[in-house]
Structure formats: structure tokens, C-alpha cells
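*Asks:* There's a structure below that I have some questions on.
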Amino acid sequence: MTATGLPSDLLEQFRRKYLWWSPVDGRPFSEERVIAQTMNLGTYDDILLLEEAVGQARLVEIMRHAEPGWINDRSWEFWRGRLTFATRSAIPDRAPRRGFHAAV
């Protein structure tokens, strides 16, 4: 069991299934990253498991603190609608984006 209540075996299952590359910095992926990637690419069965394991409030927090590129626009809209309706929480309209501002 992780600190947030997600069973370690489920976290590892999602990590193997949805994060198939090695982390750039060599450290293991954070629990938040694994959850966000599962939210982004997970099957409906997996997202039901995820919701049951961590709760909708935790998923709202993942969305509020997601880094650019973690959740695509389509998944963001799905989760934003689902979690806003269920929890009445305020979630940004759009997923975080990277910004590249070159000086001219």
C-alpha cells in the first residue's frame, strides 16, 4: 500500500502497462505520474479501478497539479467533466501546456 492508499501491486501494474519507457533522470516515476498516465491512456476498466483505489478527490488533485504533457486534451475533457460533475470541484478548462517564448 502506498502513502495515499493505492495498493502497490496496482500501482506497479499501471506503471508497467502505461509507462513503458525509462524515466529520463533514472529515478522511478512518481505515483502522481503513474496515476496521470493511467488517467490519460487507461482503459475504462482500469480507470474504474483507479477511481475506486484512490478516490475522486485524489484524481482532482492530480489534475490540478499535472505537468504539461501528462494528460492530453481529450482525456482532460473526459476527466474534467466526470470529476466536476461528481465532486463539484473547480478544475481548469484546459490541460497545462508547455510554453516556448523565444526572445527576438
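The sequence shown maps to residues 3 to 106 in our numbering. Virtual Cβ for every residue (Gly too), placed ideally from N, Cα, C. If you're wondering where the values come from, they're calculated on a predicted model, not measured in any experiment.
Please report how far the alpha carbon of G71 lies from the alpha carbon of R100, in whole angstroms.
*Replies:* The residue labelled residue 71 in the question sits at position 69 within the sequence shown. The residue labelled residue 100 in the question sits at position 98 within the sequence shown. If you take the alpha carbons of G71 and R100, they lie about 8 Å apart.
*Asks:* Return helix, strand or coil for W72, following the three-state DSSP convention.
*Replies:* By one-based count along the sequence shown, residue 72 stands at place 70. Here W72 sits in coil by DSSP.
*Asks:* Within its chain, find whatever has a CB closer than 6 Å to the CB of F102; leave out the 5 residues flanking it on each side and keep chain order.
*Replies:* For the purposes of this step, residue 102 is identified with residue 100 of the sequence shown, where counting begins at 1. Taken in chain order, the list of residues that qualify is empty.
*Asks:* Using the rule of at least 16 other Cβ atoms within 10 Å of the residue's Cβ for burial, across every protein chain shown, is Y20 buried or exposed?
*Replies:* What you label residue 20 is simply residue 18 of the sequence shown in a count that begins at 1. Per the 10 Å Cβ criterion, buried.
*Asks:* Can you have a look at E54 and say buried or exposed, based on whether 16 or more other CB atoms are within 10 angstroms of its CB?
*Replies:* Taking the sequence shown and counting its residues from 1, the one referred to as residue 54 is at position 52. Looking at its Cβ environment, which holds fewer than 16 other Cβ atoms inside 10 Å, E54 is exposed.
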